[in-house]
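Comments concern the structure below.
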Amino acid sequence: MKVRTNFIDMKELFCIGLKDNMYTIATVLSKVK
1 MKVRTNFIDM KELFCIGLKD NMYTIATVLS KVK
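Under UniProt numbering, the sequence shown has 2 at position 2, and the numbering climbs by one with no breaks.
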């Protein structure tokens, strides 16, 4: 149960981090243009 919760938390953190990275990359690309 504990491991499963940690796995879900890691998955959520990964998704949030991915969204933040995509937003940052999009901002950088728009600045380069």
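Built from N, CA and C at the ideal position, the CB exists for glycine as well.
Q) Can you list, in chain order, the residues of its chain whose CB lies under 6 Å from that of residue 39, leaving out five sequence neighbours each side? A) This structure gives no information on residue 39, because the portion of the chain shown stretches from 1 to 33.
Q | Nearest-angstrom Cα separation, counted from residue 31 out to residue 12 | A | Locating residue 12 in the sequence shown gives position 12, counting from the first residue. Locating residue 31 in the sequence shown gives position 31, counting from the first residue. Those two C-alpha atoms are separated by around 29 Å.
Q. When the Cα atoms are used, what is the spatial distance from residue 8 to residue 22?
A. Numbered from its first residue, the sequence shown carries residue 8 at position 8. Numbered from its first residue, the sequence shown carries residue 22 at position 22. Going from the Cα of residue 8 to the Cα of residue 22 covers about 21 Å.
**Q.** alpha helix (DSSP H) segment containing residue 19, residue limits
**A.** Position 19 of the sequence shown, counted from the start, is the residue given in the question as residue 19. Taken as a continuous stretch (DSSP letters only), the alpha helix (DSSP H) holding residue 19 covers 2-32.
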